[in-house]
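Q: Position 81 of the sequence shown, counted from 1, bears residue number 391 in the numbering used here, the numbering being contiguous throughout.
We treat Cβ as the ideally placed atom computed from N, Cα and C, and that holds for glycine.
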Amino acid sequence: MNLTLKIWRQTGPEDKGGIHTYQVEGVSSDMSFLEMLDVLNEQLNEAGEEPVAFDSDCREGICGTCSLMINGDAHGPEVTTTCQLHMRSFKDGDTITIEPWRSAAFPVIKDLIVDRSALDRIIQSGGYISANTGSAPEANSVPVPRDDAMRAFNVATCIGCGACVAACPNGSASLFVGAKITHLGELPQGQPERWSRVVDMVSQHDAEGFGGCTNIGECSAACPKEIPMDVISQMNRDLRTALTHGH
Ligand code: SF4
Ligand code: FES
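#1: Bridge partners of Lys420, per DSSP?
#2: Following the continuous alpha helix (DSSP H) through Ile542, name the residue where it begins and the one where it ends.
#3: Starting from His330, follow the beta strand (DSSP E) in both directions and report where the run begins and ends.
#4: Leaving out five residues before and five after Asp367 in sequence, what residues of the same chain have Cβ atoms less than 8 Å from its Cβ?
#5: Can you tell me where the beta strand (DSSP E) holding Trp318 begins and where it ends?
#6: Which two residues bound the contiguous beta strand (DSSP E) that contains Glu409?
#7: According to DSSP, His396 sits in a beta bridge with which residue or residues?
#8: In the DSSP output, which residue or residues are listed as bridge partners for Asp383?
#9: State the Cα-Cα distance for the pair Glu536 and Pro323, rounded to the nearest angstrom.
#10: Is it buried or exposed, Lys326, if we count other Cβ atoms within 10 angstroms and call 16 or more buried?
#11: For Ser506 versus His557, is the C-beta distance shorter than 8 Å?
#12: If you run the structure through DSSP and keep just helix, strand and coil, what is Gln514?
#13: Within a Cβ cutoff of 7 Å, which residues of the same chain sit near Asn351, ignoring the five residues on either side of it in sequence?
#14: Beta-carbon within less than 7 Å of His285's beta-carbon, same chain only, minus the 5 sequence neighbours each way: which residues are those?
#15: Who sits around ligand 2, taking every residue whose Cβ is closer than 7 Å to one of its heavy atoms?
#16: Could you say which of Gly336, Gly328 and Thr321 lies nearest to Met311 if we only look at CA atoms?
#17: On the CB-based measure, 16 or more other CB atoms within 10 Å of its CB, does Val452 come out buried or exposed?
#18: Can you tell which of Gln499, Leu315 and Val418 has the C-alpha that lies nearest to the C-alpha of Ala441?
Here it is as structure tokens:
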């Protein structure tokens, strides 16, 4: 495939930035989207031009590092991460627009790389859980109802990629915070700090400049792990309970 790429280039946080157009040739439909960008960067290197900076680590859909707005969709046209998106989703002659995550809380570092450390600070504000260390306890000594275990597991699949924030017109990270709150709030090990955790994490979310949730649902539609919207309801219920009881 031969493609036209319209890519956001920005030399640093202070640069205004803008869209640059490139032609890339010889892309296989079996390549991942990031491998296609590797091909472009090889072309740019050979031409003595600055390669396009973008984030990636595992390239297996598990670390949450990759992050691109592709033709206006966070992680592109499939329900997956950018690194797991394959070029068979595109066709020869296509024009593809590639931008960084857009959010006031995610400042651009360079080109397509944004600073997502605000999500780390929200996690940090949640603190620790009170679990004994040492050898693993006997599995049946802490019974967990099957439905609770399944729900905790399903929302624990959130990889912290930030697509929910990029897709949300309000720039809210409520789906991310709701996933973390629900994951630990469903399990017995998460109960001792349950109420202080929700107050601290929601406060940090707001302090980082993320917007509020108005139930639009773009977050869940963009989420590569299909985290459901009802984690936001659970977060809000827990927050109300915590504040009512003076936490
Ligand atoms: S909730 Fe989904 S979109 Fe948001 S950070 Fe987690 S995995 Fe990414
Ligand atoms: S690079 Fe790890 S999830 Fe995409």
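A: According to the structure shown:
#1: Residue 420 sits at position 110 when you count from the first residue of the sequence shown. In DSSP, Lys420 forms a bridge with Ile423.
#2: Your numbering for residue 542 matches position 232 in the sequence shown. Run containing Ile542: Asp540 to Thr554, per the alpha helix (DSSP H) assignment.
#3: On the sequence shown, residue 330 is found 20 positions in, with the first residue counted as 1. From DSSP, the beta strand (DSSP E) with His330 extends over Gly328 to Val334.
#4: Numbered from its first residue, the sequence shown carries residue 367 at position 57. Within the same chain, Asp367 has close Cβ partners Cys373, Thr375 and Cys376.
#5: As a position in the sequence shown, residue 318 is number 8, starting the count at 1. Looking at the DSSP string, the run of the beta strand (DSSP E) that includes Trp318 is Leu313 to Arg319.
#6: By 1-based counting over the sequence shown, the position of residue 409 is 99. It spans Thr405 to Glu409 - the beta strand (DSSP E) in which Glu409 sits, taken as one unbroken run.
#7: Residue 396 sits at position 86 when you count from the first residue of the sequence shown. In DSSP, His396 forms a bridge with Ser342.
#8: Indexing the sequence shown from 1 puts residue 383 at position 73. DSSP lists Ile380 as partners of Asp383.
#9: As a first step, residue 536 must be located in the sequence shown, where it is residue number 226. As a first step, residue 323 must be located in the sequence shown, where it is residue number 13. Approximately 31 Å between the Cα atoms of the pair.
#10: Reading the sequence shown from its first residue, position 16 is the one you call residue 326. Counting Cβ neighbours within 10 Å, Lys326 comes out exposed, since fewer than 16 surround it.
#11: For the purposes of this step, residue 506 is taken as residue 196 along the sequence shown, with counting starting at 1. For the purposes of this step, residue 557 is taken as residue 247 along the sequence shown, with counting starting at 1. For Ser506 and His557, yes; Cβs fall inside 8 Å.
#12: The residue labelled residue 514 in the question sits at position 204 within the sequence shown. In the structure shown, Gln514 sits in a helix (DSSP, three-state: H, G or I).
#13: What you label residue 351 is simply residue 41 of the sequence shown in a count that begins at 1. Answer for Asn351: Pro361 and Val362, listed in chain order.
#14: Beyond the ends of the chain as shown, which are 311 and 557, falls residue 285; an answer cannot be given.
#15: Ser366, Asp367, Cys368, Arg369, Glu370, Gly371, Ile372, Cys373, Gly374, Thr375, Cys376, Thr391, Thr392, Cys393, Gln394, Ile469 and Cys471
#16: As a working note, residue 311 is residue 1 in the sequence shown. Per the Cα distances, Gly336.
#17: Here the question's residue 452 lines up with position 142 in the sequence shown. Its Cβ having fewer than 16 others within 10 Å, Val452 is exposed.
#18: Stepping through the sequence shown from its first residue, residue 441 is reached at position 131. Ala441 has its Cα closest to that of Gln499, out of Gln499, Leu315 and Val418.
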